[in-house]
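Visitor: In short: position in the sequence shown from 1, add 431, done, that's this note's numbering. Note that beta-carbon positions come from the ideal geometry of N, C-alpha and C, so glycine has one too.
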Amino acid sequence: MAIIGSLIKGLIDIRGKIVSEPEAKEAQLKVLVTLLSKAKDTAFGKQYKFEEILKAEDIPAAFAERVPYFDYHKIDKEWWSRMHEGENNVTWPGKPPYFAISSGTTGKTSKKIPVTEDMIEAIRTTGIKQVGALTNFDLPSDFFEKEIMMLGSSTDLQVEGDHEEGEISGISASNIPSWFRSYYKPGEEISQIENWDERVQKIAENAKSWDIGALSGIPSWIELMLKKVIEYHEVKNIHEIWPNLMVYTTGGVAFEPYEKSFNSLLAHPITVIDTYLASEGFLAYQQRPGTNAMKLVLDNGIYFEFVPFQADYVNEDGSITDDAPVISISEVKEEEEYILLITTVSGAWRYLIGDTIKFTDVSRHEIRITGRTKFFLNVVGSQLSVNKMNDAVKELEKKFDIEIPEFTLAAVRIDGEFYHSWYLGTETKVSNEELADALDTELKDANKNYKVARSKALKGVIVKTISPDLFYEWNAANKKKGGQVKMEKVMNEEKFAEWESFIESQLS
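1. With distances taken from CA atoms, which of 480, 590, 791, 499 is nearest residue 736?
2. Name the DSSP beta bridge partners of residue 641, please?
3. Pop quiz: residue 677 and residue 617 are said to be a contact at Cβ under 8 Å. What is the actual Cβ separation, rounded to whole angstroms?
4. According to DSSP, residue 856 sits in a beta bridge with which residue or residues?
5. Using CA coordinates, which residue listed in 637, 721, 880 is at the minimum distance from residue 659?
6. From 627, 846, 673, pick the residue whose C-alpha is nearest to that of residue 655; which is it?
7. Please check the pair residue 680 and residue 704, which I expect to be a contact at CB under 8 Å, by giving their CB distance rounded to whole angstroms.
8. Could you pull out every unbroken alpha helix (DSSP H) segment of at least 4 residues lying fully inside the region 469 to 500, listed in chain order?
9. Quick one: Cα of residue 698 to Cα of residue 692, how far?
10. Once you ignore the five residues that flank residue 869 on each side, which residues in its own chain have a CB closer than 7 Å to its CB?
11. Would you check if the distance between the CB atom of residue 817 and the CB atom of residue 802 is smaller than 8 Å?
12. Enumerate in chain order the residues of its own chain whose CB-to-CB distance from residue 657 is below 7 Å, with the five nearest sequence positions on each side excluded.
13. State buried or exposed for residue 764, treating a residue as buried only when at least 16 other CB atoms are found within 10 Å of its CB.
14. State the DSSP-derived secondary structure class of residue 615, mapped to helix, strand or coil.
15. Starting from residue 722, trace the alpha helix (DSSP H) in both directions and tell me its first and last residue.
16. Assign residue 941 to one of three DSSP states: helix, strand, or coil.
17. Out of curiosity, what's the CA-to-CA distance linking residue 477 and residue 553?
18. According to DSSP, simplified to helix, strand and coil, what is residue 544?
19. Comparing the CB of residue 938 with every heavy atom of the ligand ZN, is any distance shorter than 7 Å?
20. Do you know whose CA, among 872, 891, 859, 861, lies nearest residue 842's CA?
21. Once DSSP output is grouped into helix, strand and coil, what is the label at residue 514?
22. Roughly how many whole angstroms lie between the Cα atoms of residue 845 and residue 889?
23. Just verifying my parser: in three-state terms, what is the DSSP assignment at residue 684?
24. For residue 787, which of 518, 484, 466, 745 has the nearest alpha-carbon?
25. Going by Cα to Cα distance, which pick from 923, 513, 731 is closest to residue 840?
26. What is the DSSP secondary structure of residue 735, reduced to helix, strand or coil?
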């Protein structure tokens with residue numbers, strides 16, 4: 432019997448029974464008041480008169496009325512850039528010890544997002560909440576004695592003046608509690624290797640010496656790592672190396688497009704748990720089995736607001752209009768899509784994180800990420816969100832019994848007419864024309880706006896199939912491999928032309 436595992440599981444279970452769930456509206460008001468109080472003497476707090484907001488009868492309404500929306504470019508230009516010039520107390524007291532480098536899913540220019548000590552503590556606290564929720568998944572006691580493979584960015588952070596820089600997964604891993612380090616793999620030495628291929632090679636070489644019970648990381652890079660380990664040891668599946676692998680904690684992107692190809696690497700199904708850890712904070716985690724939704728963390732350093740996801744409120748660059756309405760956690764409705772705004776203990780204020788979400792269960796405050804505002808394809812009124820694209824691709828997998836872990840598309844003009852041009856990452860003998868017809872049919876059935884567009888200005892669908900590896904090589908050429916890097920699902924015409932030139936060069 433796994434005595435230590437039983438003790439750990441028992442302690443977690445006891446903690447889960449003692450800690451009660453906060454009432455959402457009350458918890459969020461408390462978070463907002465704490466944020467405003469702590470930042471009232473910063474340059475940002477003084478400009479937007481936080482002292483006066485705190486005296487208002489309706490603090491959330493006064494906050495929404497006085498403080499404008501910020502996307503990354505606006506807040507960085509007006510505020511965060513001042514920190515790089517040595518200024519203190521800009522949007523949060525003091526100076527952040529870290530900046531999270533995020534290449535995101537668009538462009539070559541990296542974002543630098545402040546990560547304060549308060550945010551590190553908030554991420555750690557939510558991590559403990561997530562660990563506590565594991566008792567809901569009916570895992571055996573000996574699972575809690577197994578090692579955890581956290582495949583993120585390098586923990587070898589770059590020192591830049593008075594702070595360090597790296598991706599959020601690297602910052603988080605470099606701040607793991609001392610008691611957890613014996614469970615953490617690939618360990619400090621390997622995790623500091625910057626080059627992705629070298630790091631994965633070391634993981635493969637050491638894999639048999641570890642007893643991995645859980646994986647954590649972005650699906651595309653976890654898949655590549657597992658394939659490398661399988662190939663290196665010349666086995667059929669990863670359970671021949673890690674027989675006690677039971678859990679995969681995913682995040683960063685929707686898992687569904689990767690589900691079929693991921694499962695092909697296993698000897699048997701494992702528990703998949705979704706998380707929402709962004710460069711800006713740990714926003715949500717899956718709390719229970721029987722769902723693929725995540726519970727928003729309402730009492731830990733992040734204040735949430737929601738903009739209805741409608742075409743009239745979204746600018747072409749993915750930002751939102753100044754007159755876009757906003758609602759609170761107590762006003763949201765199930766199955767309606769919202770653009771997410773966050774205010775955090777890292778000094779992000781009414782910040783457009785770029786994700787769209789929907790509530791699958793309002794009473795539990797459970798959400799699913801449905802896409803990105805920049806990936807909202809609305810050329811000629813098609814109004815396609817990423818979740819509709821993912822659903823259609825998943826139907827193709829079922830219909831033709833194929834795997835399509837990656838895709839990207841753009842609205843392109845051919846002889847003056849608009850078409851949706853898709854690249855599907857898949858190995859199949861199904862013809863491009865047959866895939867295009869099936870994809871078009873699925874999207875018409877799932878989206879009435881798309882169906883209307885197809886009867887008018889959107890003339891057709893073009894599909895080209897390529898190796899999934901080419902998507903990873905594109906990321907390597909434009910950003911890098913591994914870490915938080917994600918593939919853009921929708922490109923503008925200019926970026927798509929670069930993509931097509933890249934693919935042609937790789938295939939020639």
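Guide: In brief:
1. It is 499.
2. According to DSSP, which records beta bridges pairwise, residue 641 is partnered with nothing at all.
3. With a Cβ gap of about 19 Å, residue 677 and residue 617 do not count as contacting.
4. Residue pairing from DSSP places residue 856 in a beta bridge opposite 837, 897.
5. Ranking 637, 721, 880 by Cα distance to residue 659 puts 637 first.
6. Distance from the Cα of residue 655 is smallest, within the candidate group 627, 846, 673, for 627.
7. Indeed, because the Cβ distance is near 5 Å, the residues count as touching under 8 Å.
8. Within the region 469 to 500, the runs of alpha helix (DSSP H) at least 4 residues long that lie entirely inside it are, in chain order, 474 to 478, 481 to 486, 490 to 497.
9. Straight-line Cα distance between these residues: approximately 13 Å.
10. Cβ-Cβ distances below 7 Å link residue 869 to 827, 830 in the same chain, with the five nearest sequence neighbours on each side left out; the list follows chain order.
11. Their beta carbons are under 8 Å apart, which means residue 817 touches residue 802 by this criterion.
12. Hits under 7 Å: 669, 696.
13. Classification for residue 764: exposed.
14. In the displayed model, residue 615 falls within a strand according to three-state DSSP.
15. For residue 722, there is no enclosing alpha helix (DSSP H), as DSSP marks it with neither H nor E.
16. Only positions 432 to 939 of the chain appear in the structure, and residue 941 is not among them; the question remains open.
17. Their Cα atoms are separated by approximately 25 Å.
18. Look at residue 544 here: in three-state DSSP terms it is strand.
19. Judged by which ligands are present, the structure shown has none, so any question about the ligand ZN falls away.
20. Residue 891 is the option with its Cα nearest to residue 842.
21. Residue state, collapsed to three classes: helix.
22. Going from the Cα of residue 845 to the Cα of residue 889 covers about 11 Å.
23. Secondary structure at residue 684: coil, using DSSP grouped into helix, strand and coil.
24. The shortest C-alpha separation from residue 787 is found at 745.
25. Looking only at 923, 513, 731, the smallest Cα-Cα distance to residue 840 is reached by 923.
26. In the three-state scheme derived from DSSP, where H, G and I count as helix and E and B as strand, residue 735 is classed as strand.
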